[in-house]
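Accompanying notes for the structure given below.
Numbering (this note's numbering), first residue to last: 26 to 283.
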């Protein structure tokens with residue numbers, strides 16, 4: 026625990042505000058993302074909204090040299106997809122939009138899947154199963170639980186549906202830095218790993234593949250795809266461990282009835 030930065034109630038207030046600003050970005054994109062728009066248009070709209078309307082900072086831009094405000098990962102792209110002016114969204118595709126936002130010195134991180142028009146039953150099942158897997162993980166978060174409890178819940182749900190869990194990428198602690206301790210694996214064994222304590226804040230962001238779990242990175246150095254070119258889906262929230270259990274700091278309006 027010495028490497029994990031526990032947040033104070035005052036710091037959690039700031040992170041809660043950043044998380045709810047980030048939820049507003051997705052609400053703005055909900056009205057925009059559709060077949061025919063480009064992934065660069067998504068990036069530009071989100072960046073302008075974050076900077077001009079929310080008076081916040083797109084934390085991904087410039088992080089590790091990444092040039093854009095968000096990641097757009099379409100179909101068989103697992104994560105870290107780069108927006109492109111010539112990448113036009115097509116009917117039947119699925120896309121993950123992954124956004125970070127900094128306000129008041131603290132960062133929120135979340136991603137959402139968008140289904141473009143009418144998609145196949147197979148794609149819909151993957152998207153829905155991945156979302157449910159995210160929440161299976163979130164439901165494990167409470168003082169005294171372990172990181173392994175989170176990973177096991179996600180893995181069990183995904184594999185029971187016939188899918189595979191990407192292992193090269195994981196959730197992470199978050200605060201004043203985008204990536205802090207601990208690493209949050211999306212697979213594991215119950216009761217194993219670090220015990221959770223109030224004040225811990227981290228992301229849970231399972232990447233679930235329709236086929237095998239193998240991935241490879243393209244020549245741009247960022248874009249990660251499935252080795253077998255099957256579909257991949259991801260959902261992400263930033264969560265805080267509280268005395269009572271868990272608070273989802275990036276919860277979106279449509280999720281408040283869960």
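Cβ atoms here follow ideal geometry from the backbone N, Cα and C, with glycine treated the same way.
Coil, strand or helix - residue i by DSSP
| i | result |
| --- | --- |
| residue 217 | coil |
| residue 93 | coil |
| residue 78 | helix |
| residue 223 | coil |
| residue 252 | coil |
| residue 62 | coil |
| residue 49 | helix |
| residue 265 | strand |
| residue 84 | coil |
| residue 34 | helix |
| residue 241 | strand |
| residue 208 | strand |
| residue 71 | helix |
| residue 280 | helix |
| residue 258 | strand |
| residue 232 | strand |
| residue 29 | coil |
Rounded distance between the beta-carbons of residue j and residue i, thought under 8 Å
| i | j | result |
| --- | --- | --- |
| residue 88 | residue 206 | The pair is not a contact, with the Cβ atoms about 17 Å apart (cut-off 8 Å). |
| residue 98 | residue 120 | 7 Å |
| residue 188 | residue 234 | 6 Å |
| residue 247 | residue 101 | Not quite, the Cβ-Cβ distance comes to about 15 Å (not below 8 Å), so this is no contact. |
| residue 71 | residue 54 | 6 Å |
| residue 48 | residue 278 | 7 Å |
| residue 37 | residue 265 | 6 Å |
C-beta contact flag for residue i and residue j at 7 Å
| i | j | result |
| --- | --- | --- |
| residue 172 | residue 209 | yes |
| residue 199 | residue 228 | yes |
| residue 275 | residue 133 | yes |
| residue 250 | residue 139 | no |
| residue 190 | residue 212 | yes |
| residue 231 | residue 267 | no |
| residue 39 | residue 124 | no |
| residue 261 | residue 136 | yes |
| residue 300 | residue 130 | Within the shown structure, residues of the chain are numbered from 26 to 283, placing residue 300 beyond reach of any answer. |
| residue 151 | residue 60 | no |
| residue 162 | residue 178 | yes |
| residue 170 | residue 126 | no |
| residue 95 | residue 68 | yes |
| residue 186 | residue 154 | yes |
| residue 215 | residue 174 | yes |
| residue 18 | residue 128 | The requested residue 18 does not occur in the structure, where the chain is confined to residues 26 to 283. |
| residue 122 | residue 240 | no |
Could you name each continuous beta strand (DSSP E) segment of 3 residues or more that falls completely within the stretch 121 to 204, going from the start of the chain to the end?
131 to 140, 196 to 198
Would you call the stretch 164 to 184 and the stretch 69 to 84 in contact, with 3 or more CB pairs under 8 Å?
no
Counting Cβ pairs closer than 8 Å, one from the stretch 249 to 262 and one from the stretch 139 to 158, do we hit at least three?
yes
At least 3 beta-carbon pairs within less than 8 Å: the stretch 64 to 74 vs the stretch 109 to 124:
yes
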